[in-house]
Amino acid sequence: MSDFTITLLERNWLSKTTFELTFSRPLNFEYVPGQRIRILHQNVARDYSLISSHHDPELVVYLRLIEKGLLTPVLADLAYGSSVTASGPFGYFNYHSSGRPAVFVATGTGIAPFVAFVRSGARPMILLHGVRSLEALHYQDELFAAAETYVPCLSSPVPPAGSDLDVYEGRVATYLTEHLPQAVYDFYLCGRRDMIREVTHLVDRHFPGSNVFSEMFY
Amino acid sequence: MKIYTGTGDHGRTSLFSGERVSKSHGRVQAYGDVDELNSILGALAAAIPSQASGLRSQVQQVQSELFQVGAWLATTSGAPVASRLDSLAAATERLEGAIDQLQARLDPLHDFILPGGHPDAAWAHVARSVCRRVERCVNSLMQDASANEDPPNNLQQVLVYLNRLSDYLFVLARALNKAAGIADVVWSKLPPAKREK
Numbered sequence: 001m002s003d004f005t006i007t008l009l010e011r012n013w014l015s016k017t018t019f020e021l022t023f024s025r026p027l028n029f030e031y032v033p034g035q036r037i038r039i040l041h042q043n044v045a046r047d048y049s050l051i052s053s054h055h056d057p058e059l060v061v062y063l064r065l066i067e068k069g070l071l072t073p074v075l076a077d078l079a080y081g082s083s084v085t086a087s088g089p090f091g092y093f094n095y096h097s098s099g100r101p102a103v104f105v106a107t108g109t110g111i112a113p114f115v116a117f118v119r120s121g122a123r124p125m126i127l128l129h130g131v132r133s134l135e136a137l138h139y140q141d142e143l144f145a146a147a148e149t150y151v152p153c154l155s156s157p158v159p160p161a162g163s164d165l166d167v168y169e170g171r172v173a174t175y176l177t178e179h180l181p182q183a184v185y186d187f188y189l190c191g192r193r194d195m196i197r198e199v200t201h202l203v204d205r206h207f208p209g210s211n212v213f214s215e216m217f218y
Numbered sequence: 219m220k221i222y223t224g225t226g227d228h229g230r231t232s233l234f235s236g237e238r239v240s241k242s243h244g245r246v247q248a249y250g251d252v253d254e255l256n257s258i259l260g261a262l263a264a265a266i267p268s269q270a271s272g273l274r275s276q277v278q279q280v281q282s283e284l285f286q287v288g289a290w291l292a293t294t295s296g297a298p299v300a301s302r303l304d305s306l307a308a309a310t311e312r313l314e315g316a317i318d319q320l321q322a323r324l325d326p327l328h329d330f331i332l333p334g335g336h337p338d339a340a341w342a343h344v345a346r347s348v349c350r351r352v353e354r355c356v357n358s359l360m361q362d363a364s365a366n367e368d369p370p371n372n373l374q375q376v377l378v379y380l381n382r383l384s385d386y387l388f389v390l391a392r393a394l395n396k397a398a399g400i401a402d403v404v405w406s407k408l409p410p411a412k413r414e415k
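So the protein sequences, as listed, match chains A and B. For the first sequence, the working numbering begins at 1 and goes up steadily by one. For the second sequence, the working numbering begins at 219 and goes up steadily by one.
Structure representation (structure tokens):
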């Protein structure tokens, strides 16, 4: 897989620590929603999930600024029109429609591949997004409109009148145990390792026969 | 980057096609044996001297292909994710070409030979015998799949590749012996032991 060059077109800050980058899409660059591109800069390479639909004319990634990180501070300051080297696409975390209902479970920026799924027409699904605070909740209007059931799960107490959305106060695993009806599902998990481990064990116990597809975000 | 997830701590694992299965499931055993085969080939590749770097590259190519084999074994027939995997047909064809090329440089064989000779060749024989075990494992899987009416098409191409790979490893062992200047040891029936009166 050979490297290619992409040009930064736009940066959109969603919070103090999370932002989207829109890059030019090279001719003939094809990918499947849920796949990642690898950005290389001064011998540092990092993978980022694309949140754009595979039909979109540009490539969009969503990332969290890691202050002491080697690449995100550079990308946070990169001038428009700058070129970076990239490779890919990578990964097999893709949505496959089946006869089973789909349950998407994300924590933090692990929502990225699910945004790509939704933008590419994945329907219907139950979608849970676990975050620490309301500020970390992004794409909620778009996801709410697409999902059969959309549940933001807040691990910290919900501030009074903090959101127009119904918010579940607790972890995604607790919500699944308490509220997801007994059935056989396709679970798609993306986010922190602890969540993936906990939900996978929960699936084995409470939803036998279900499929589990997972991708860990570090 | 931490490599552990802990999702298999209770003895179950996810297939590539998403199903949660026991770690003693036939498919898991099969791709576990492929992993063993791949590790043996890694040891072999590491031992092959630079004078035979062409053979080392071939072995490393096989190592890459075994990842594809593992992915197929971890994918149940008819699973949507199978459409993302590459067919093994081209890899099988490549192996056939390599067998023909190596064999053309070897003396014709009229007898059984003992696995062994140069240590590199001995490792190739170890790999060959493990490869045959994987074949038997996949064959059992195919029989189970037929019994469960699961179309076993995915496994057929795996079986063909493994069969060809076993043959390749046999020829490779002979080629490695030849490269090291060591003659194959032909099997012969041992003379009966002398009886003491």
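Positions of the beta carbon are idealized from the N, C-alpha and C atoms, including for glycine. Here the structure is a predicted model, which means the values were calculated and not measured.
| query | result |
| --- | --- |
| Tell me, please, which residues DSSP counts as bridged to A:Leu21. | A:Arg11, A:Val61 |
| Hey, how far is the Cα of B:Ile317 from the Cα of B:Gly334? | 19 Å |
| Taking the DSSP output, what are the residues bridged to B:Asn357? | The partner list for B:Asn357 (beta bridge, DSSP) is empty, contrary to what the question assumes. |
| So if I threshold CB-CB distances at 8 Å, which residues from the region 78 to 102 of chain A count as touching chain B? | Tyr92, Asn94, His96, Ser97, Ser98 |
| Shorter than 8 Å, the distance from the beta carbon of A:Tyr92 to the closest heavy atom of the ligand MN, or not? | Within the structure as shown, the ligand MN is missing, as the structure has no ligands at all. |
| I need the straight-line Cα distance from A:Pro208 to A:Ala116, nearest angstrom please. | 28 Å |
| Terminal residues of the continuous alpha helix (DSSP H) containing A:Pro113? | 112 to 119 |
| Just the chain B side, please: which residues come within less than 7 Å of A:Asn211 by C-beta, in chain order? | Gly236, Glu237 |
| Where does A:Glu78 fall in DSSP's three states? | Checking the displayed sequence, the identity of residue 78 of chain A turns out to be Leu instead of Glu. In this structure, A:Leu78 counts as coil in the three-state DSSP scheme. |
| Checking contacts by CB at 9 Å: is A:Asp216 closer than that to chain B? | Checking the sequence shown, residue 216 of chain A turns out to be Met, not Asp. Interface residue, yes. |
| Please work out which residues of its chain come closer than 6 Å, Cβ to Cβ, to B:Ala270, disregarding the five sequence neighbours upstream and downstream, and give them in chain order. | Ala397 |
| Helix, strand or coil for A:Pro89, going by three-state DSSP, please let me know. | strand |
| Might you give, ordered along the chain, the residues of its own chain that have their beta carbon closer than 7 Å to the beta carbon of B:Thr189, omitting 5 neighbours on each side? | What the structure shows of chain B is the stretch from 219 to 415, and residue 189 of chain B is not part of that stretch, so it cannot be assessed. |
| Considering Cα atoms alone, identify which of A:Val167, A:Ser210, A:Val199 is closest to A:Gln182. | A:Ser210 |
| Along chain A, in chain order, which residues have C-beta atoms closer than 9 Å to that of B:Ser232? | Thr200, Asn211, Val212, Phe213, Ser214 |
| Below 8 Å on the Cβ atoms is my contact criterion, and I expect B:Leu306 with B:Val376 to pass it. Report the Cβ-Cβ distance as a whole number of Å. | 7 Å |
| Look up A:Leu189 in the DSSP assignment and give the residues it is bridged to. | A:Val105, A:Ser214 |
| Pick out whichever of B:Leu324, B:Tyr386, B:Ala322 has its Cα sitting closest to the Cα of B:Cys349. | B:Tyr386 |
| Please name the residue or residues paired with B:Ser232 in a DSSP beta bridge. | B:Arg238 |
| How big is the Cα-Cα spacing for A:Arg36 and A:Asp47? | 6 Å |
| Indicate whether A:Gly34 and A:Val105 have their beta-carbon atoms separated by less than 9 Å. | no |
| At a Cβ threshold of 9 Å, is A:Asp186 touching chain B? | yes |
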